[in-house]
Amino acid sequence: MKKIVIVSDTHIPVRAKKLPQTLVAECETADLIIHAGDWQTMDVFHELSAYANTDGVTGNVDPWDILDRFGKKKIFEIDGLKIGVIHGDGIRNTTEQRAFEAFADDNVDIIVFGHSHIPVMRDAGGVTLFNPGSPTDKRRQPQYSFGLLEIGDSWQLRHVFFDKEQ
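Residue numbers (my numbering): 637 to 802.
The following block contains the structure:
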């Protein structure tokens, strides 16, 4: 069983000074951490990398060193599961539509995106659209969140919701 932590929109140090303990506890036992952009600084990458192999994409507020390191769009193939990752910022359409259209020709199983800070998990024509929300800047959402993907004989994807105190 592989455990993948999916996170986006950490915005450190602007929205929070550090990663929340609920997220850190899951990262400590992860096989991979995928970040869907708006890291804000490379320090977030270095911290996450201390827990597990970490990769991801650039968000619209990330500086050039993050863009240089990660690029804007990626596809991960893990045990036959194809995961497309993009931040989802841009003009025209919704964040969800932009993310979906970015992988229209890539035959992915899951599309991970961020940007809106709104947790989403829904089927779109046989593809799972997944926004983990934000673990540090919930905006108008009731709770902070990130995602967990477990891959074994089958795969299971879910949100982890938590309050600031945890």
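Note that CB positions come from ideal geometry on N, CA and C, so glycine has one too.
Check	Outcome
Should the stretch 661–675 be called in touch with the stretch 688–700, which here means at least 3 C-beta pairs below 8 Å?	yes
Just to confirm, does T694 get its C-beta within under 7 Å of one of the non-hydrogen atoms of the ligand HEM?	The ligand HEM is absent from the structure shown, which contains no ligand whatsoever.
Determine the DSSP secondary structure at Q779, reduced to helix, strand or coil.	coil
Quick check: what's the CA-CA separation for D667 versus R728?	36 Å
Need the endpoints of the beta strand (DSSP E) that R758 sits in, please.	756–760
How far does the alpha helix (DSSP H) with R705 in it reach, from first residue to last?	700–706
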